[in-house]
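>
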Amino acid sequence: MSPASPTTGSGTVAGPRSGQRILVVTPYPPVRDGIGAYAVQQVRSLRRQGHDVEVVSPWPSAAHHHLALEGPKGAKALKKLMAGFDRVIVHFHPDVFYANPSTPTSRISTGTALASAFRAGPPVEIRLHEIDRRWASATEQVEASSRGGFVATQVFEQAARASRSVFKAADEITVHVPEHQRMMIDSFGVDPGRVRVVDHGEDFTRRVPDDQAAARASLGLPAEGHVFVCIGFIQPHKGFDRAATAFRGLSDDGASLHIVGSVRLDDPSAVDHQRELEALAAQIPSVHLHLGFVSDEAFDRWIVAADTIVLPYRHIWSSSVAERARLYRRPVIATRVGGLADQIGEHPENTVVDDNAGLARAMAAAVGREGAATRPISTWEFDGPVDRSAVQAEVHRRAAAQRGIKVKTGSAAEGSGAGRVRPGAVPEHVATPLRRLRAVPPPPATSARPGVSTVKRLIRRVIAWEVDPLREQLIDLQRASVKAAETTDARLDEVTDELDER
Amino acid sequence: MNDRRIALVPPRYGPDVVGGAELVLREVAHGLTARGWQVDVLTTCARDHHTWANHYPAATTDDAGVTVKRFAVVDDTPGTARADLVRTMTLGEAPTLAQQEAWMNDGLRVPDLFHEILDHAEEYRAIVVSPYLFWTSFAGGLIAPERTIVRPCLHDEPEARFELFEPLVTGVAKLWLNTEPEADLLDEIWPAHAPAEIIGEGIPVPGSYDPSGFRRRHGLTDRPFVLYAGRREGAKNWDALLDGFVAAIRKEDLDLDLVTFGVGEVHVPPDVEGRIVDLGLLTDRDKDDAFAAASAYLQPSAMESFSRTVMEAWLAGTPVIANAASAVVAWHCDRSGAGLTYDDTTELEQCLRFIAEAPAEAAALAVPGRQYVLDHYTWPATLDRMEASLEAMP
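Residue numbers (the numbering used here), protein chains in the order written: chain A, 14 to 515; chain B, 20 to 413.
1. Taking A341 (chain B) as part of the beta strand (DSSP E), name the residues at either end of that continuous run.
2. Does chain B have any CB closer than 7 Å to the CB of V44 (chain A)?
3. N113 (chain A): buried (16+ other C-beta within 10 angstroms of its C-beta) or exposed?
4. Hey, is N73 (chain B)'s beta-carbon within less than 7 Å of any beta-carbon in chain A?
5. Please name the residue, chosen from A:D184, A:F201 and A:A259, that lies closest to A172 (chain A) on a Cα-to-Cα basis.
6. Mind checking which residues open and close the beta strand (DSSP E) that includes T302 (chain B)?
7. Comparing C-alpha positions only, which one of A:Y41, A:S308, A:R343 and A:E170 sits nearest to Q225 (chain A)?
8. Would M405 (chain B) be called buried (16 or more neighbouring beta carbons within 10 Å of its own) or exposed?
9. If you measure between the beta carbons of S333 (chain A) and Y41 (chain A), is that distance less than 7 Å?
10. Can you tell me where the alpha helix (DSSP H) with T364 (chain A) in it begins and where it stops?
11. What separation, rounded to the nearest whole angstrom, lies between the Cα atoms of R140 (chain A) and C352 (chain B)?
12. Which residues, in order along the segment 76-100 of chain A, keep a beta-carbon less than 7 Å from a beta-carbon of chain B?
13. In chain order, which beta strand (DSSP E) runs of at least 3 residues are fully inside the segment 285-310 of chain A?
14. Give the interface partners of P150 (chain B) over in chain A, defined as CB-CB distance under 8 Å, in chain order.
15. Would you say R433 (chain A) faces chain B, with C-beta separation under 7 Å as the test?
16. Assuming P200 (chain B) contacts A346 (chain B) (C-beta within less than 8 Å), just tell me the rounded distance between them.
17. Based on DSSP bridge pairs, tell me the residues matched to Y228 (chain B).
18. Can you confirm whether the segment 62-79 of chain B touches the segment 234-241 of chain A when touching is taken to mean that 3 or more C-beta pairs between the two stretches lie within less than 8 Å?
19. With a cut-off of 8 Å, do at least 3 Cβ pairs link the segment 182-193 of chain B to the segment 210-218 of chain B?
20. Quick one: what does DSSP say W209 (chain B) is sitting in, helix, strand or coil?
21. Do T321 (chain A) and F241 (chain A) have their C-beta atoms within less than 7 Å of each other?
22. Quick check on E323 (chain B): buried or exposed, where buried means 16 or more other Cβ atoms within 10 Å of its Cβ?
23. Checking contacts by CB at 7 Å: is P281 (chain A) closer than that to chain B?
24. Where do the N-terminal and C-terminal ends of the alpha helix (DSSP H) with Y391 (chain B) fall, by residue?
25. Taking the alpha carbon of H271 (chain A) as the reference point, which residue from A:V300, A:I35, A:R57 and A:V345 has its own alpha carbon closest?
26. State the CB to CB distance for the pair E331 (chain B) and G283 (chain B), rounded to an integer number of angstroms; the pair is presumed to be in contact (CB under 8 Å).
27. For a test of the three-state rule: what should DSSP assign to I316 (chain A), helix, strand or coil?
28. Does any residue of chain A bring its CB to less than 7 Å from the CB of E182 (chain B)?
29. Is the beta carbon of A149 (chain A) sitting closer than 7 Å to the one on A88 (chain A)?
30. For S2 (chain B) and L44 (chain B), which I take to be in contact (beta-carbon distance under 8 Å), what is that distance rounded to the nearest angstrom?
31. Measure the CB-CB distance between G219 (chain B) and T401 (chain B) and report whether it falls below 7 Å.
32. Could you tell me which residues DSSP pairs with D65 (chain A) in its beta bridges?
33. Grab me the residues of P80 (chain B)'s own chain with a C-beta within less than 7 Å of its C-beta, minus the 5 sequence neighbours each way, in chain order.
34. Counting along the chain, where does the alpha helix (DSSP H) carrying R89 (chain B) start and finish?
35. Pick from B:K255, B:P243, B:A375 and B:N256: whose alpha carbon is nearest that of V278 (chain B)?
36. Does DSSP put G293 (chain B) in a helix, in a strand, or in coil?
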C-alpha cells in the first residue's frame with residue numbers, strides 16, 4: 014500500500030478483529046464539537062461491525078465515561094481506564110490533553126505521562142486531528158519563543174522529546190492527508206510503517222436527501238442564482254471575511270454568499286469577528302450572515318443548498334466541511350493551508366487558491382464570469398482627487414467597521430454617493446487614545462533567576478481566581494469604551510456631513 | 020426498516036410514574052400497538068424525577084405488547100454547572116452556549132440509551148422524543164434528526180429560549196404539538212421551527228363514576244371539597260395554591276376542604292390540618308372518582324402545555340379554577356366555557372367562594388366541559404392524527 018493512499022474502514026490497517034473491546038477517547042455529543050461529531054460516526058461504525066465500544070470524553074456527555082484528561086493527572090487517569098480494553102483510539106487534539114496555552118515544562122510533564130500511558134496499556138491508535146509541528150523541534154520552539162540560552166534550549170529539547178514520544182508510543186497514527194503523514198515521519202520521527210492515511214469521510218453518512226430546490230426552499234434561499242456557502246464556527250482563522258471581500262461585485266450575476274455558523278460567546282475574538290462580519294454583510298450586497306446553532310441536519314441542508322462551498326481558511330488542520338461537501342458532490346474553493354490542498358485537491362471540480370486574489374478569481378469563475386479579473390476588484394474609489402486625508406479617512410472608516418462599529422452602509426467601491434469618500438473628511442477621533450491602550454496582560458510569570466519563574470507561575474495560579482476576573486473586566490471596559498467612543502466618532506461624522514450639506 | 024416500527028423516548032415510563040407527558044406517551048404506546056404498530060419504548064431506569072435513582076432494572080420487558088428497553092441513568096456530576104446557570108439567570112444575564120451545554124450535561128445522562136439510538140436509529144420509521152427539556156430528548160433527538168419527532172410540551176419558560184435547543188426545534192423532521200397556544204408560543208420563540216402539527220392528546224373516557232364510593236373508601240365526609248392532583252412542587256405552583264387556599268379558609272366562612280393526591284410532600288399549617296387531606300397516590304379508578312366527587316378542580320400551574328387533569332375534571336362534570344398565567348389552560352377555559360381563571364390570591368378566593376356559595380351554578384358552569392373534551396381530545400381521534408403523521412414520514 015502506498016503511504017499516501019487513504020484506507021477505508023474505522024479499524025486499523027489490518028482491521029480489528031470483530032468483537033473487540035475498544036475505548037474511544039474523544040470529545041462527544043451532545044456537546045457541540047467538530048471532533049465529537051466526527052467521532053460519533055466512527056463509534057457507530059465500529060459498533061455496527063460488532064465491537065464493544067465505550068467512549069471517554071473530557072467533560073460530561075453521552076460518553077460512557079468522562080475524565081479530566083488535561084495534564085499528567087489526566088494521562089494517569091486515562092492509563093488506568095485503558096486497562097481492560099483490547100484497543101484504544103485516541104482522537105488527538107492538544108487542547109484535550111495539554112494546558113492551553115502550553116508551556117515547555119507542561120509539554121514535558123504531559124507528554125511524558127501520555128507516552129507512558131500509551132506504552133503501558135493496550136494497542137493505541139492516535140487519530141490525529143491537530144498538532145503543532147514546532148512541538149517536535151527544539152530549534153523551532155526556541156525561534157518562536159522570546160527565551161534563549163543554554164537552559165532554555167535544554168528545556169525545549171526535553172519538551173520536543175516528550176512531544177515526539179507521545180506519537181512514537183502509539184501503535185499507529187492515522188491522519189487524513191499525506192502532508193500530515195510526512196510530518197509525523199519526518200518531524201516526529203514515527204516509524205513510516207505505523208503512520209497511515211485514512212479517508213476523512215470514511216464513516217460519514219448523508220443526513221438529508223440531495224435535493225437542492227427543497228434545501229433552498231427550507232432555508233429561505235432563492236431558487237435561482239449561484240449560492241456560495243461558508244459554514245462552521247465563526248472564528249477569525251476561518252477567514253469568512255476573506256470570502257465576503259472576494260465576493261464583492263458578484264451579486265450583479267445573481268449570486269449570493271451565505272456565511273452560516275454560531276459564535277462561541279465566551280470567545281472574545283470570535284465575538285469581535287462576528288461584528289466584523291456583520292459590518293461586511295451590511296456593506297456588500299448579497300452577503301448574508303446566518304448566525305445561530307446549526308444542527309448536523311441543518312448543516313447538511315446548507316451544503317445541499319449550495320452551488321459552491323468556500324473554505325477561505327487562514328489556518329486549518331483538515332476540514333470536515335470539505336468531507337461533507339464531497340459526500341454531496343458539491344465543489345469546493347479552498348485556500349492552500351494545512352492539509353486542505355491534499356484533502357480536496359484530487360477532485361477536479363475543486364479549486365485550491367493561494368491568496369485573496371486567487372479566491373476572488375475562483376469565485377468569479379464559479380459564477381461563469383468570463384475573463385475573471387486577475388486581481389480582486391479594487392474597493393478603493395474616491396470622489397474627486399485622492400489625497401492623504403481621503404485615504405486616511407477611509408482607512409479609519411474601514412478599521413472601525415472591522416472592529417464592529419456601525420458605519421455608513423456602502424463601501425467606497427460600490428459607487429453609491431453616500432459610500433464614497435469625501436476628501437478632507439478626517440475627523441478628530443475620540444477613540445484614538447483608547448485604541449492605543451494595550452490590553453491588560455496577565456502578571457508576567459518570568460524571571461532570569463532560576464526557579465523564580467516556577468514560583469511566580471505558582472503564585473499566579475493561586476491568585477488567578479482573584480486577578481483574572483479583574484483583568485477580564487478591565488479588558489471588557491476598555492473594549493466597551495473604544496466601541497462607545499467610535500460610535501460617537503461615527504455619529505459626529507454624520508452630523509458633520511449634515512451640517513456640510515446645509 | 021419496518022415501516023410500522025417506532026421508538027418512543029420518554030425520560031421515565033411505567034404505570035407508577037407520575038407526570039403528564041410520560042403518562043401520555045404510555046397511552047400512545049398502547050394505542051399505537053393496538054393499531055398494529057411495533058412500539059419500542061427507550062427510557063431510563065428512573066421513576067422519580069427528583070432523584071433520578073435507578074429504580075427499575077436495566078433490562079428489556081414487555082408492557083402489554085410494548086417493548087420497554089430501560090437504560091441506567093448516570094448522574095455523577097456535582098451540579099456546579101446547573102448552579103452557575105441559575106446564578107447567571109438570576110443576575111438577568113443570558114447564559115452562553117457553553118454554559119447551556121454544561122447545564123444540560125450536569126445532571127442525568129444516559130449513555131447507553133444514546134448508543135442504543137445510535138446503533139438502531141435506521142430501524143425505526145420515527146423516533147418520538149418528549150418533553151424537550153430533558154437530556155434524553157436533547158441527546159437522543161439529535162442522533163437521527165431526519166426521522167425524529169419532537170413532542171416538546173413547550174412552556175413559556177426561560178429555558179425554552181436557550182440557543183441550545185435550536186437544533187432540536189428547527190432541525191428535526193416534525194414537531195407534535197398539543198394545542199394552538201403552544202403553536203403560537205413556538206412561532207414566537209422559534210419562527211424557523213421544523214414542520215409542526217397540532218396532534219393534541221387523548222383522555223380515556225371512564226364508563227362511570229362512583230363519587231360516593233370514593234368518599235367512603237377514603238373516609239371523607241359529605242363536606243364539599245376542591246381537588247388538586249399531580250406533582251406537589253414549586254414548578255406546579257402548588258405552594259402558592261396552598262397558601263391561597265389556607266388564606267381563604269382562615270377567614271372561617273368558606274365551607275370547602277382541599278383534597279389532593281399525587282407525589283411530593285404536603286406541608287399543612289397546624290391550624291388548618293383538618294381542612295386539607297393528602298391521599299398520596301391513587302389507583303386510576305380512584306382518580307376518576309375523585310374528579311367526580313370534587314366541587315371544583317384547581318389547576319395552579321402556569322406552565323402547562325396541555326393539562327390532562329383539567330380534561331379529566333371536565334369529563335367528570337366538574338368545573339375548573341385555573342391560574343390565568345397558563346396561556347394553554349386559560350385558552351381551554353375560554354374555549355370550553357367550563358372554567359374560571361385567577362390572576363392572584365384575591366381572585367382565587369373569589370373563585371372558591373363561587374364554588375362554595377353557588378354550588379348549583381358551579382355545576383352548571385361545568386356542563387359544556389365534558390362535550391369539549393369529547394369533541395377534541397379523545398384517543399381515537401388523537402391516534403388517527405398521529406398515524407396520519409407517521410404515515411407521512413419518508
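Idealized CB from N, CA, C, for every residue including glycine.
With the structure as the only source:
1. V339 to N342
2. yes
3. exposed
4. no
5. A:F201
6. Here T302 (chain B) belongs to no beta strand (DSSP E), and DSSP marks it neither H nor E.
7. A:R343
8. buried
9. no
10. Where T364 (chain A) is concerned, there is no enclosing alpha helix (DSSP H), although the beta strand (DSSP E) it sits in stretches over T364 to V366.
11. 60 Å
12. A76 and H77
13. 300-304
14. Within 8 Å Cβ-Cβ: nothing; P150 (chain B) doesn't reach chain A, min ~16 Å.
15. Note that R433 (chain A) has pLDDT 39, beneath the 50 cutoff, so the model's placement of it is unreliable and no number is given.
16. 5 Å
17. In DSSP, Y228 (chain B) forms no bridge with anything.
18. no
19. yes
20. coil
21. yes
22. buried
23. no
24. P378 to H395
25. A:V300
26. So it is not a contact: roughly 19 Å between Cβ atoms.
27. helix
28. yes
29. no
30. Residue 2 (chain B) lies beyond the residue range present for chain B, which begins at 20 and ends at 413; the question has no answer from this structure.
31. yes
32. A:R34
33. Going by the sequence as given, residue 80 (chain B) is Thr instead of Pro. Result list for T80 (chain B): V87, in chain order.
34. R89 (chain B) -> not in any alpha helix (DSSP H); beta strand (DSSP E) instead, spanning V85 to F90.
35. B:P243
36. helix
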